[in-house]
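Everything in the sequence shown is counted per the numbering used here, starting at 22 for the first residue and increasing by one. Glycine included, every Cβ here is placed at the ideal spot set by N, Cα and C. Here is the structure we will look at, set down as structure tokens.
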Amino acid sequence: MITDVWYWVVIGAGMLLSFGASALVKSTFAKYSQFTTRSGMTGADVARRILADNGIQDVRVERVPGHLSDHYDPTNKVLRLSEAVYDQRNMAAFGVAAHEVGHAIQHATGYAPLKFRSAWVPLANIGSNLGIWVVFLSLVMGAARGAGLPFIIGLVGLGLFACATVFTLITLPVEFDASKRAIVALENGGYTTTEEVEGARKVLNAAAMTYVAAAAASIMQLLYWASLLLGNRDD
Ligand SMILES: [Zn+2]
């Protein structure tokens, strides 16, 4: 397997996608951080206003260290914004702040894909940590000959890894929906000009690419291991 050129093609393509997407987010965020918004509000102000607009009163907005470390914590109902978002008055900060509020709205309204995604987390963790090792072990045991216990173990491993792949896929609608809610909230709340909304949208579109890249990398890995196990290729 390790000597198989396809293994390195799959791993390399996954890494390229991931680095490319992360570079795109960083450069797009940096670009639109230069554009000051006219309202005079910070990312934290906008987040609190959109939460209030949606009748959400039990979510706190806090500052968190790090770059692009912004997230919504549904367990503690805390929206954590990085310094480059919390204190700043620009299009990038507005986009990210509104996106995280989008997740808080999903949580408050019981958005089904978010519930499914949260329930899937333990399986996804087991799958991503164990799945490939189980498939690898089964192949060492001769699973590629297509019969017996090693093959069954291989199928179990493949199923486990597929759980991780499903997680990357169910993340996509959750993230796209949060960004859609963000843009609607910024537009309807009157917090931005049309031009400012476009800047926020570009930042969120770039951020979405990191999730698309992760899903694509996971699918490629799943197909690779499936081809070794199911394709009768005993290498
Ligand atoms: Zn998100």
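- [ ] Determine the contact status of Phe291 and Ala145, defining contact as a CB-CB distance below 8 Å.
- [x] Past the edges of the chain, shown from 22 to 256, lies residue 291, and the structure says nothing about it.
Task: Alpha carbon of Arg6 to alpha carbon of Glu83, nearest angstrom - done: Nothing in the structure corresponds to residue 6, since the chain is present only between 22 and 256.
Open item on the list: Is the separation between the beta-carbon of Leu193 and that of Ala236 shorter than 8 Å?
Closed with: Yes, the Cβ-Cβ distance between Leu193 and Ala236 is below 8 Å.
Open item on the list: So Gly210 and Asp66 are supposed to be a Cβ contact under 8 Å. How far apart are they, rounded?
Closed with: That belief does not hold up - the Cβ atoms of Gly210 and Asp66 are roughly 11 Å apart, past 8 Å.
Task: Buried/exposed call for Thr213, threshold 16 Cβ in 10 Å - done: buried
Open item on the list: Excluding the 5 residues flanking His88 on each side, which residues of the same chain have their C-beta closer than 7 Å to its C-beta?
Closed with: Ser103 and Ala105
Task: Boundaries of the beta strand (DSSP E) in which Val99 is found, first to last residue - done: Val99 to Ser103
- [ ] Specify the secondary structure class of Ser81 as computed by DSSP and reduced to three states.
- [x] For clarity, residue 81 is Arg in the given sequence; the question names Ser instead. If DSSP states are grouped into helix, strand and coil, Arg81 belongs with the strands.
- [ ] Could you name the residues that DSSP lists as bridge partners for His92?
- [x] Arg101
Open item on the list: Is it buried or exposed, Leu244, if we count other Cβ atoms within 10 angstroms and call 16 or more buried?
Closed with: exposed
TODO: Return the chain-ordered list of same chain residues with a C-beta closer than 8 Å to the C-beta of Ala183, the five sequence neighbours on each side being excluded.
DONE: Gly148, Gly152 and Leu243
Open item on the list: I want to see whether chain C comes within less than 8 Å of Val205, judged by CB atoms only; does it?
Closed with: Absent from the structure is chain C; it holds one protein chain and no more.
Open item on the list: With a threshold of 6 Å on Cβ separation, who are the neighbours of Thr57 within its own chain once the five nearest residues in sequence on each side are excluded?
Closed with: Cβ neighbours of Thr57 within its own chain (closer than 6 Å, five residues either side excluded): Arg110 and Asn111.
Task: Segment contact flag, the segment 164-174 with the segment 121-139, C-beta cutoff 8 Å, min 3 pairs - done: no
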